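For reference, the structure is listed below as structure tokens.
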Amino acid sequence: MPTYDVLIVGAGLAGLNCARELHRHGVSCKVIEASDGVGGRVRTDEVDGFLLDRGFQVLLTAYPEAQRVLDYDALDLRSFYDGALVRFDGAFHRVADPLREPLAAPSTVFSPVGTLGDKLRTLKLRQAVRSPDLAALWARDEITTRQALTERYGFSDTMVRRFFEPFLGGILLDPDLGASSRAFEFYFRMFTEGDTAVPARGMQQIPEQLAAGLEDHTIQLNTRVQRVAPGTVTLETGAEVEASAVVVATDGPELAYLLDGFDPPASRSVLCLYYAADEAPTDDPVLVLDGEGGGLVNNLVVMSNVSPHYAPPGKALVSVSVIGNPTQSDAEVETSVRAHLRRWYPAAGAWQHLKTYRILHAQPSQAPPALSPPERSAKLSDGLYLAGDHRTNASINGALVSGRRAAEAVLADLGVPV
Ligand SMILES: Cc1cc2nc3c(=O)[nH]c(=O)nc-3n(C[C@H](O)[C@H](O)[C@H](O)COP(=O)(O)OP(=O)(O)OC[C@H]3O[C@@H](n4cnc5c(N)ncnc54)[C@H](O)[C@@H]3O)c2cc1C
1167 MPTYDVLIVG AGLAGLNCAR ELHRHGVSCK VIEASDGVGG RVRTDEVDGF LLDRGFQVLL
1227 TAYPEAQRVL DYDALDLRSF YDGALVRFDG AFHRVADPLR EPLAAPSTVF SPVGTLGDKL
1287 RTLKLRQAVR SPDLAALWAR DEITTRQALT ERYGFSDTMV RRFFEPFLGG ILLDPDLGAS
1347 SRAFEFYFRM FTEGDTAVPA RGMQQIPEQL AAGLEDHTIQ LNTRVQRVAP GTVTLETGAE
1407 VEASAVVVAT DGPELAYLLD GFDPPASRSV LCLYYAADEA PTDDPVLVLD GEGGGLVNNL
1467 VVMSNVSPHY APPGKALVSV SVIGNPTQSD AEVETSVRAH LRRWYPAAGA WQHLKTYRIL
1527 HAQPSQAPPA LSPPERSAKL SDGLYLAGDH RTNASINGAL VSGRRAAEAV LADLGVPV
């Protein structure tokens, strides 16, 4: 391998944004990636004409770093409805942000998802997360999300149970709502400031766009790194590669494997099941939440209602999320999920199960004090730097920020003005 200024381990969003930033400043780098493609946890498979994101996830268009580095028009973003359908007591109940979906305001005000007081509290929450600048928002006292909802904002138990547990539980992959209030308030601000979207042709378009901005041959796929040290990377083959700087941009558990002295962060897990249906069970691109709890299904969305490219003509693609890592086998989970879905939509009995993704490390745990401070240092020692969502927060934005910060730390040490 020829010599580069910087070696980056991992072509997830953090590693790619690090490479992009170095490239912008004329610093050569090589990204070494163990798997067969770019994107890390943001990948999409094509199966029988369906686009299956490896786990249901969305881009919040208000993410500041994503706005900085991504070309949204080229991604051809398709937006979700600004609200949700919540299932309880045998029916679906619509809730929406009345400021963003004014037509839904009456049904939201009268929906039994929460009390009238809860609806007013939602407006108060909206105001509270939007008024300070982002730095001040991240500096607020860190408590759990559940404490923030009940003690800081005063929501009723019913509202927390029916709406926030499945909604935020699906984002934080933590239906117990033990994750940091800092993460919750940041995501909530992002939801209110922009759209919830996916690229028309799948989430992997995001890392593909970042990779396309790099010079050819910057990324080396199918190459696992075995060990890292300041200025040196040892490949699985035993070969050693040297550079002025090494940036480790893997997930947290892999970092703990590659480097001594790091405890792996606890992982939040999720299963995503995909079904093909002859007819979509809902008409709009809306998130459907389980407001009853106790079952495996947390949320469902018809991805082909969000973007028709997700399914071949005449078919619908249904994505179902199960939070956690149940002890049952994938086949047993599928049986339970289907039984659950049949109570919601009788036609679900005929849906074709396409695939189940069981993602053990979907996000690092963000239980307090995980985000105190909200950003951890990008420089470990001379010649060794860290990126990845475990340095910031578990989001597309957090991963992108961590990559840029690592690049900035490298550039500073190389004497390159930023
Ligand atoms: C199912 C799911 C749903 C999510 N939902 C959302 C959402 O809706 N919105 C949101 O903003 N965020 C969401 N996230 C979080 C977001 O996707 C992640 O925070 C982000 O993608 C992490 O990027 P990263 O670059 O830090 O790490 P990763 O994507 O994990 O990238 C690390 C890369 O390093 C490579 N690597 C690991 N070990 C080695 C090695 N030894 N040698 C070489 N390469 C190696 C890996 O193959 C991988 O490509 C979700 C994540 C998942 C999984």
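For the sequence shown, my numbering begins at 1167 and goes up steadily by one.
Even for Gly, the Cβ is constructed at its ideal location relative to N, Cα and C.
Since this is a predicted model, take the numbers as computed values, not measurements.
Quiz item: Given 8 angstroms as the limit, is there contact between the stretch 1237–1254 and the stretch 1203–1220, that is, 3 or more CB pairs closer than that?
Solution: no
Self-check item: Alpha-carbon to alpha-carbon, residue 1533 and residue 1173
Solution: What you label residue 1173 is simply residue 7 of the sequence shown in a count that begins at 1. What you label residue 1533 is simply residue 367 of the sequence shown in a count that begins at 1. C-alpha separation (whole angstroms): 32 angstroms.
Quiz item: For the candidate residues 1311, 1185, 1577, 1302, whose alpha-carbon lies nearest to that of residue 1379?
Solution: Numbered from its first residue, the sequence shown carries residue 1379 at position 213. With distances taken between CA atoms, residue 1379 lies nearest to 1185 out of 1311, 1185, 1577, 1302.
Quiz item: Taking C-beta to C-beta, are residue 1436 and residue 1487 nearer than 7 angstroms?
Solution: The residue labelled residue 1436 in the question sits at position 270 within the sequence shown. The residue labelled residue 1487 in the question sits at position 321 within the sequence shown. With contacts defined by Cβ atoms closer than 7 angstroms, residue 1436 and residue 1487 form a contacting pair.
Quiz item: Among residues of its own chain, excluding the 5 on either side of residue 1222, which ones have a beta-carbon nearer than 6 angstroms to its beta-carbon?
Solution: By one-based count along the sequence shown, residue 1222 stands at place 56. For residue 1222, where only same-chain residues beyond five positions count, the Cβ hits under 6 angstroms are 1438, 1485, 1487.
Quiz item: Does the beta carbon of residue 1515 come closer than 7 angstroms to any beta carbon on chain B?
Solution: In summary, chain B is missing from the structure at hand, where a single protein chain is found.
Quiz item: Which residues share a DSSP beta bridge with residue 1482?
Solution: Counting from 1 along the sequence shown, the entry for residue 1482 is found at position 316. Looking at the DSSP assignment, residue 1482 forms a beta bridge with 1443.
Quiz item: Between 1199, 1471, 1427, 1177, which lies nearest to residue 1483 when the distance is taken from Cα to Cα?
Solution: For the purposes of this step, residue 1483 is taken as residue 317 along the sequence shown, with counting starting at 1. Residue 1483 has its Cα closest to that of 1471, out of 1199, 1471, 1427, 1177.
Quiz prompt | From 1500, 1535, 1524, residue whose alpha carbon lies closest to that of residue 1518 | solution = Here residue 1518 is taken as the residue at index 352 of the sequence shown, counted from 1. Minimum Cα distance to residue 1518 is reached at 1500.
Self-check item: For residue 1438, the residue or residues it bridges with in DSSP
Solution: In the sequence shown, counting from the first residue as 1, residue 1438 sits at position 272. Here residue 1438 is bridged, per DSSP, to 1487, 1523.
Self-check item: Start and end residues, beta strand (DSSP E) containing residue 1254
Solution: Residue 1254 sits at position 88 when you count from the first residue of the sequence shown. Segment 1249–1254, the beta strand (DSSP E) holding residue 1254.
Quiz item: Got a sec: does ligand 1 put a non-hydrogen atom nearer than 6 angstroms to the Cβ of residue 1201?
Solution: Mapped onto the sequence shown, residue 1201 falls at position 35. Residue 1201 Cβ: within cutoff of ligand 1.
Quiz item: Using the rule of at least 16 other Cβ atoms within 10 Å of the residue's Cβ for burial, across every protein chain shown, is residue 1420 buried or exposed?
Solution: Taking the sequence shown and counting its residues from 1, one reaches residue 1420 at position 254. By the 10 Å Cβ count, residue 1420 comes out buried.
Quiz item: Looking only at DSSP bridge pairs, what is residue 1365 linked to?
Solution: Position 199 of the sequence shown holds residue 1365. Paired residue(s): 1243.
Quiz item: What are the residues that DSSP puts in a beta bridge with residue 1310?
Solution: Along the sequence shown, one-based indexing puts residue 1310 at 144. Paired residues: 1346.
Self-check item: Cutoff 7 angstroms; reference residue 1360; Cβ partners in own chain excluding five residues on either side
Solution: Within the sequence shown, numbered from 1, the residue matching residue 1360 stands at position 194. These residues qualify, in order along the chain: 1226, 1227, 1228.
Quiz item: Going by DSSP, which residues form a beta bridge with residue 1433?
Solution: Here residue 1433 refers to the residue found at position 267 of the sequence shown. Bridge partners of residue 1433: 1530.
Self-check item: residue 1589 versus residue 1409 - alpha carbon distance
Solution: Here the chain has residues from 1167 to 1584 only, and residue 1589 is not among them.
Exercise. Check whether the Cβ of residue 1351 sits closer than 6 angstroms to any heavy atom of ligand 1, and report yes or no.
Key: Here the question's residue 1351 lines up with position 185 in the sequence shown. Not under cutoff, so the answer is no.
Quiz item: Got a sec, what are the start and stop residues for the alpha helix (DSSP H) residue 1505 sits in?
Solution: Position 339 of the sequence shown, counted from the start, is the residue given in the question as residue 1505. Taken as a continuous stretch (DSSP letters only), the alpha helix (DSSP H) holding residue 1505 covers 1496–1510.
Quiz item: Is the number of C-beta pairs between the stretch 1352–1368 and the stretch 1284–1301 that are closer than 8 angstroms three or more?
Solution: The stretch 1352–1368, when compared against the stretch 1284–1301, does touch it at the 8 angstroms Cβ threshold.
Quiz item: Any heavy atom of ligand 2 within a distance shorter than 6 angstroms of the CB on residue 1562?
Solution: The model depicted lacks ligand 2 and carries ligand 1 instead.
Exercise. Go ahead and pull the three-state DSSP assignment for residue 1400.
Key: By one-based count along the sequence shown, residue 1400 stands at place 234. In this structure, residue 1400 counts as strand in the three-state DSSP scheme.
Self-check item: ligand 1 heavy atom lying under 6 angstroms from the CB of residue 1380
Solution: Position 214 of the sequence shown, counted from the first residue, corresponds to residue 1380. Not so, every heavy atom of ligand 1 lies at least 6 angstroms from the Cβ.
Practice problem: Please report the residue range of the alpha helix (DSSP H) in which residue 1185 lies. | Solution: Residue 1185 sits at position 19 when you count from the first residue of the sequence shown. Run containing residue 1185: 1179–1190, per the alpha helix (DSSP H) assignment.
Exercise. Determine which residues share a DSSP beta bridge with residue 1406 and list them.
Key: As a first step, residue 1406 is located in the sequence shown; it is residue number 240 there, counting from the start. Beta-bridge pairing links residue 1406 to 1400.
Quiz prompt | Inter-residue spacing [alpha-carbon to alpha-carbon] between residue 1369 and residue 1212 | solution = Against the sequence shown, residue 1369 aligns to sequence position 203. Against the sequence shown, residue 1212 aligns to sequence position 46. Approximately 12 angstroms, taken between the alpha carbons.
Self-check item: Residue range of the beta strand (DSSP E) that includes residue 1423
Solution: Stepping through the sequence shown from its first residue, residue 1423 is reached at position 257. Where residue 1423 is concerned, there is no enclosing beta strand (DSSP E), although the alpha helix (DSSP H) it sits in stretches over 1418–1424.
Self-check item: For residue 1479 and residue 1505, the rounded distance between their alpha carbons
Solution: Taking the first residue of the sequence shown as position 1, residue 1505 is located at position 339. Taking the first residue of the sequence shown as position 1, residue 1479 is located at position 313. Looking at the two C-alpha atoms, the distance is approximately 27 angstroms.
Quiz item: If you draw a straight line from the alpha carbon of residue 1406 to that of residue 1399, how long is it in whole angstroms?
Solution: Here the question's residue 1406 lines up with position 240 in the sequence shown. Here the question's residue 1399 lines up with position 233 in the sequence shown. Residue 1406 and residue 1399: Cα-Cα distance of roughly 6 angstroms.
Exercise. Would you check whether ligand 1 has a heavy atom nearer than 6 angstroms to the C-beta of residue 1565?
Key: Here residue 1565 is taken as the residue at index 399 of the sequence shown, counted from 1. Within the cutoff, so yes.
Practice problem: Kindly confirm or deny that the stretch 1540–1553 and the stretch 1514–1531 touch, where touching means at least three C-beta pairs closer than 8 angstroms. | Solution: Flag = no, the stretch 1540–1553 and the stretch 1514–1531 do not touch.
Exercise. For my contact list, residue 1454 and residue 1253 are in at a C-beta cut-off of 8 angstroms; report their separation, rounded to the angstrom.
Key: Counting from 1 along the sequence shown, the entry for residue 1454 is found at position 288. Counting from 1 along the sequence shown, the entry for residue 1253 is found at position 87. Indeed, because the Cβ distance is near 7 angstroms, the residues count as touching under 8 angstroms.
Practice problem: Quick one: measure Cβ to Cβ for residue 1284 and residue 1322, integer angstroms, because I've assumed they're closer than 8 angstroms. | Solution: Numbered from 1 along the sequence shown, position 118 holds the residue referred to as residue 1284. Numbered from 1 along the sequence shown, position 156 holds the residue referred to as residue 1322. The Cβ separation is near 6 angstroms, so the contact holds.
Quiz prompt | Beta-carbon proximity check, residue 1584 vs residue 1574, cutoff 7 angstroms | solution = Sequence index remark: in the sequence shown, residue 1584 carries index 418 (1-based). Sequence index remark: in the sequence shown, residue 1574 carries index 408 (1-based). Taking 7 angstroms as the Cβ cut-off, residue 1584 and residue 1574 qualify as a contacting pair.
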